[in-house]
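Before any comments, here is the structure.
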Amino acid sequence: MEPASPGAFAALAALRGTLPAGPEPQAVAASAQSPFAGRIVVTRERKGRGGKIVTRVCGIDLDGDALEALAREMRQALGTGGAVEGDAIVLHGEQSARVTGWLAARGATRVVKGN
């Protein structure tokens, strides 16, 4: 393969004005904002769990498969088990400090630690 000659780029620069304009960038929809935009509450629970401590994460603006995918990513990153219960992610063990740090690294700005 032969190297490109300097004149090749000059020829391309000359064509710049004759090329058609590309598509206009579309505005980002309001619903496409970060799921971490609202207040996220991280609490520790023991009641109804047979004496075992769990960490509950509420307030993430996702639902269904997207929340399940985020929970899976969170479980893998923190190295713990857990599940999605309703609109909350429940992780096994006392993980509130680690969850808060993980959410902050993902762009969450309003993380509140309860009890």
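Numbering (the numbering used here), first residue to last: 31 to 145. Every residue, glycine too, gets a C-beta built ideally from N, C-alpha and C.
**OP:** Provide the residue span of the beta strand (DSSP E) that contains E103, from first to last.
**Re:** Unbroken run through E103 is the alpha helix (DSSP H), D95 to L108; no beta strand (DSSP E).
Original post:
If you draw a straight line from the alpha carbon of T110 to that of L121, how long is it in whole angstroms?
Top reply: When rounded, the separation of the alpha-carbon atoms in T110 and L121 is 7 Å.
Original post:
How many angstroms separate the CA atom of A44 from the CA atom of P55?
Top reply: About 25 Å.
Original post:
Is DSSP giving R69 helix, strand or coil here?
Top reply: Residue state, collapsed to three classes: coil.
**OP:** Whole angstroms is fine: what's the gap from R12's alpha carbon to N145's?
**Re:** In the structure as shown, the chain starts at 31 and stops at 145, and residue 12 therefore has no counterpart that could be examined.
Original post:
Would the beta-carbon of A67 fall within 8 Å of that of D91?
Top reply: Closer than 8 Å, so yes.
Subject >> Three-way DSSP call (helix, strand, coil) for A138 in this model >> reply: Three-state DSSP puts A138 in coil, outside helix and strand.
**OP:** Could you tell me whether the stretch 96-104 touches the stretch 76-86, using the rule of 3 or more Cβ pairs below 8 Å?
**Re:** Using a Cβ-Cβ distance cut-off of 8 Å, the stretch 96-104 and the stretch 76-86 are not in contact, since fewer than three pairs of beta carbons, one from each stretch, lie closer than that value.
**OP:** Output the distance between the C-alpha atoms of V71 and R102, rounded to the nearest integer angstrom.
**Re:** If I take the Cα positions, the gap works out to 19 Å.
**OP:** Take the Cβ of Q106 as the centre, count every other Cβ of all protein chains shown within 10 Å, and call the residue buried at 16 or more, exposed below.
**Re:** With fewer than 16 other Cβ atoms within 10 Å, it is exposed.
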